[in-house]
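There are 2 protein chains.
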Amino acid sequence: MSRVDEKPAVVLLSGGLDSATVLALAQHQGYLCYALSLDYGQRHRVELKAAARVAQQAGVVEHKTLPIDLRPIGGSALTDSTIDVPETMDEGIPITYVPARNLLFLSLALGWAEVIGASDLFIGVNAVDYSGYPDCRPEFIDAFQKTSNLATQAGVEGRPFTIHTPLINLSKAEIIKQGSQLGVDYSVTLSCYQADLRGRACGRCDSCRLRKAGFKAANIADPTQYFG
Amino acid sequence: MSRVDEKPAVVLLSGGLDSATVLALAQHQGYLCYALSLDYGQRHRVELKAAARVAQQAGVVEHKTLPIDLRPIGGSALTDSTIDVPETMDEGIPITYVPARNLLFLSLALGWAEVIGASDLFIGVNAVDYSGYPDCRPEFIDAFQKTSNLATQAGVEGRPFTIHTPLINLSKAEIIKQGSQLGVDYSVTLSCYQADLRGRACGRCDSCRLRKAGFKAANIADPTQYFG
């Protein structure tokens, strides 16, 4: 992996396992990382505390949390409290899908990147061990990158953006192995969609199941605290 | 213009002249309109009152105003109070450009559209009498439409979105003529970037100049209230 010369980059940081790994990978490549978290009315809002811990441990240049309340739009178990988080994995796109979420988050990251003069964005989408979300696929990322270069002054003026997705072809176990090699402390990350207020995970939602299986397959001890 | 059979559509409504015209055009085509306004920390936040008046006069199905504070990102005279709104029009992209704004607003409109089952989005971008913003050009809109169909469950499942830009090739005078024919009451709209708290316009910023010149070229009396 070639090191970049301390270029600034915006890294989307949810507080989960994937984005913590992405941040470590970006830093390992030599990027000066600006971490962006979104307070979007998510049921598992306690993940923002995890994001703050991850950002602090990593020593990012700046960590910004933007409020963008998606509850008035709803349409997802994550942003509508009347829809339960499922504890079985079914076929198709699950009800935890938040309409246009990654498009929205990348748009905000893009705006910040343009302001600070960064040409590089990092997002922890993954097309292998994922939940079937359409906005985690490479074809979406490619289309977004093209759009970002038409939407912005930087793009128009010949400073194109690159959307980095270093996890996109990795299994959850591979992600955990890579992060562990880089010293990521997964005990401070939170993946659960219905964590309790102390940040303990349910162990039963999609996100918990994928995470649990990942640690098992990686043969690395799972540091997650579970409730119940 | 063919009438649609009362299909739902999301219309981005700023409270300005252009989006009020777009709303009227969409309704004239038979769309059931859901209007979306964004409270993004804009200097001319009083435009949201204009948006509410426009939505009410038009009789939309629903008018939603989402808060998404872009001031922490800044980088524009519209979202950073330390940058003055220019009163002369220079070459190039002006400092009133808000990084990734239309991409962000369309992403939010897309999210809402997906939740209510709408396949049609309307936005009042214009590539003729405009301020040189990159995100008002047809190539951006085309790229966004492609992205939206890769980003969403609806797109993946074969219910593609269409981004309508009925003003894109019209001059400001043509926009005003079309809107006037449809009965748009431009006295309740607000275009000024630095309007006062009573919603009166400065008459000097880019947006005011384009609007003023449009009424003059259309040979229609300008109902705008100016201060100073």
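Protein sequence lines correspond, in order, to chains W and U.
Numbers 483 to 710, taken from this note's numbering, label the letters of the first sequence in order.
Numbers 483 to 710, taken from this note's numbering, label the letters of the second sequence in order.
We treat Cβ as the ideally placed atom computed from N, Cα and C, and that holds for glycine.
If you're wondering where the values come from, they're calculated on a predicted model, not measured in any experiment.
By the three-class DSSP mapping on this structure, what secondary structure does residue i have?
i: U/Y668; result: helix
i: W/F709; result: coil
i: W/T644; result: strand
i: W/I550; result: strand
i: W/E569; result: coil
i: W/L505; result: helix
i: U/L632; result: helix
i: W/A700; result: helix
i: W/D447; result: There is simply no residue 447 of chain W to check, as chain W begins at 483 and stops at 710 in what is shown.
i: U/D624; result: helix
i: W/D521; result: strand
i: W/G498; result: coil
i: U/Q538; result: helix
i: W/G637; result: helix
i: U/A559; result: coil
i: U/H526; result: coil
Any idea if residue i is buried or exposed, counting beta-carbon neighbours within 10 angstroms, 16 or more meaning buried?
i: U/R527; result: exposed
i: W/V504; result: buried
i: W/F709; result: exposed
i: W/R485; result: exposed
i: U/A703; result: exposed
i: U/L552; result: buried
i: W/D617; result: buried
i: U/P581; result: buried
i: W/G523; result: buried
i: U/L696; result: Note that residue 696 of chain U corresponds to Gly in the displayed sequence, not to Leu. With 16 or more other Cβ atoms within 10 Å, it is buried.
i: W/N701; result: exposed
i: U/L530; result: buried
i: W/Q663; result: exposed
i: W/G556; result: buried
i: W/G661; result: buried
i: W/D566; result: exposed
i: W/S669; result: exposed
i: U/D487; result: exposed
Bridge partners of residue i, per DSSP?
i: U/V492; result: U/Y516, U/L603
i: U/E544; result: U/Y516
Touch test, the segment 595 to 606 of chain W against the segment 495 to 512 of chain W, Cβ-Cβ under 8 Å, three pairs minimum: yes
Three CB pairs or more closer than 8 Å across the segment 681 to 694 of chain W and the segment 637 to 649 of chain W: no
Contact between the segment 569 to 582 of chain U and the segment 536 to 548 of chain U (3+ Cβ pairs under 8 Å): no
Segments of 3+ residues assigned as beta strand (DSSP E) that fall wholly inside the segment 569 to 622 of chain U: 602 to 604
Unbroken stretches of the alpha helix (DSSP H), 4 residues or longer, contained in the segment 648 to 697 of chain U: 654 to 663
Stretch-stretch touch, CB-based, cutoff 8 Å, three pairs: the segment 589 to 598 of chain U with the segment 647 to 658 of chain W: no
The segment 627 to 634 of chain W / the segment 618 to 629 of chain U touching (three or more Cβ pairs under 8 Å): yes
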